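Novice:
In the numbering used here, the protein residues as written are 117 to 477.
#1: Hey, which unbroken runs of the alpha helix (DSSP H) at 4 residues or more fall wholly within the region 279-311?
#2: Kindly confirm or deny that the region 397-404 and the region 232-246 touch, where touching means at least three C-beta pairs closer than 8 Å.
#3: Quick one, which of 406, 405 and 424 has its alpha-carbon nearest residue 413's?
#4: Can you confirm whether the region 317-333 touches the region 263-272 when touching is taken to mean that 3 or more C-beta pairs between the two stretches lie within less than 8 Å?
#5: Name, in chain order, the residues that DSSP records as bridge partners for residue 403.
#6: Within 10 angstroms of the Cβ of residue 447, are there 16 or more other Cβ atoms? Answer buried if so, exposed if not.
#7: Using the Cβ count rule (16 or more neighbours within 10 Å means buried), how would you classify residue 279?
#8: Tell me which same chain residues have a C-beta within less than 6 Å of the C-beta of residue 289, skipping the five on either side of it?
#9: What residue range does the beta strand (DSSP E) around residue 338 cover?
#10: Leaving aside the five residues before and after residue 292 along the sequence, list all residues of the same chain whose C-beta is less than 7 Å from its C-beta, in chain order.
#11: Indicate the three-state DSSP secondary structure (helix, strand or coil) for residue 443 in the structure shown.
#12: Within 8 Å, do at least three Cβ pairs link the region 256-265 to the region 401-420?
#13: Hey, would you say residue 370 sits closer than 8 Å to residue 314, going by beta carbons?
#14: Using 8 Å as the cut-off, can you tell me whether the region 327-337 makes contact with the region 303-317, which would need three or more C-beta pairs spanning the two stretches below that distance?
#15: Determine the direct distance from the alpha carbon of residue 320 to that of residue 296, and round the result to whole angstroms.
#16: Considering just the uninterrupted stretch of the alpha helix (DSSP H) at residue 390, what are its terminal residues?
#17: Use the C-beta contact count for residue 455: other C-beta atoms within 10 angstroms, 16 or more gives buried, fewer gives exposed.
#18: Please list the terminal residues of the continuous alpha helix (DSSP H) segment that includes residue 207.
#19: So within the region 217-241, which uninterrupted beta strand (DSSP E) runs reach at least 3 residues, ignoring any that extend past its ends?
#20: Should residue 287 be labelled buried (16 or more other beta-carbon atoms within 10 Å of its own) or exposed?
#21: My output table needs one value for residue 157: the three-state DSSP class, helix, strand or coil.
#22: Quick one, which of 235, 208 and 375 has its alpha-carbon nearest residue 351's?
#23: Would DSSP call residue 450 helix, strand or coil?
#24: Whole angstroms are fine: how far does the CA of residue 143 sit from the CA of residue 333?
#25: Mind checking who residue 100 pairs with in its DSSP beta bridge?
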């Protein structure tokens, strides 16, 4: 199936995500992931469920791990559909000698912050969560994507969206405009400078990023697929911030953000987000996903600072199912999960060192 055909199929399914597109499979292929597209049609030809499965064999061993990023895609209100399709995915993973199958659907289990008056559990998501617990699935210790996020309803008018924001956020948007911050589409020749700004951001804020070649491939493929837009903020032609926004289906996602220390008082990040929201509305998207919120809503979570920034835009906290693993080879799975934290720690230290060397070169 070609890229356009697969993407057209999944775009119509609940929870459609760019992480399930053919483009994402192409992005992951050079780092050892192969993909398999699985669909489950009705007799009338209507597709009820779909999943792009990714497989990777660690260290050239004769086994693999299977992962469905932000999937499977289906109507979770129909228990017969998700029970049957999950069984099919397990069978596919077993055929490919997978140690385990990891799923990570955009299935809402609740909105709002737990324990507050805004906390609203979703009975469908909670029911699926219980089904997984009762049928051999395990909540994964390796949560690859953000489990929680902040989403802005784009079906409202621009004025309504502005009025839902915190007053300080609205003020900062206008302040950026008054101080001459200009937000425009970045060109491909801007990408190296934007990556350099990203390395500065990562080093300053203490998070890990990948080498330039990885982001170049991501940005190139998603841009060629008409999904990605990079907005950059300038003052007098000087780059002071940028964000990457990925649009697919009903959602736009704020995927990457970078900014320097210079001109931070001019609030470029606030204006960048507002321009991205306006752009997403003009494209007909219904939701602007700010891509990430704390796992636990306590003040000491590593995402607490950026979460406060995101909440200022008036969005709703959305809590999803998160990643779940189905161990196909239980003993090997236990060995893998016990070793994984040490492997990831080594990779993080290596990437942090590479970022420092890049900045010092």
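All C-beta atoms, glycine included, are put in the ideal place defined by N, C-alpha and C. Being a predicted model, the structure only gives us computed values, none of them experimental.
Specialist: Taking the coordinates as given:
#1: The DSSP assignment places complete alpha helix (DSSP H) segments of no fewer than 4 residues inside the region 279-311 at 283-294, in order along the chain.
#2: no
#3: Measuring from the Cα of residue 413, the nearest candidate turns out to be 424.
#4: Counting Cβ pairs under 8 Å, fewer than three are found: no touch.
#5: 269 and 367
#6: exposed
#7: Counting other Cβ atoms within 10 Å of its Cβ, residue 279 stays below 16 and is therefore classed as exposed.
#8: Excluding the 5 residues flanking it on each side, residue 289 has same chain C-beta neighbours closer than 6 Å at 386, 387 and 390, in chain order.
#9: Per DSSP, residue 338 lies in no beta strand (DSSP E); the unbroken alpha helix (DSSP H) holding it starts and ends at 328-340.
#10: 382, 383, 384, 386 and 387
#11: Three-state result, residue 443: strand.
#12: yes
#13: no
#14: yes
#15: 25 Å
#16: 384-398
#17: Under a 10 Å Cβ-count criterion, residue 455 is classified as exposed, with fewer than 16 other Cβ atoms of the shown protein chains found around its own Cβ.
#18: 195-211
#19: 224-227
#20: Residue 287 comes out exposed.
#21: Here residue 157 sits in strand by DSSP.
#22: 375
#23: helix
#24: One C-alpha to the other measures close to 7 Å.
#25: Residue coverage of the chain in this structure runs from 117 to 477, which leaves residue 100 outside it and unanswerable.
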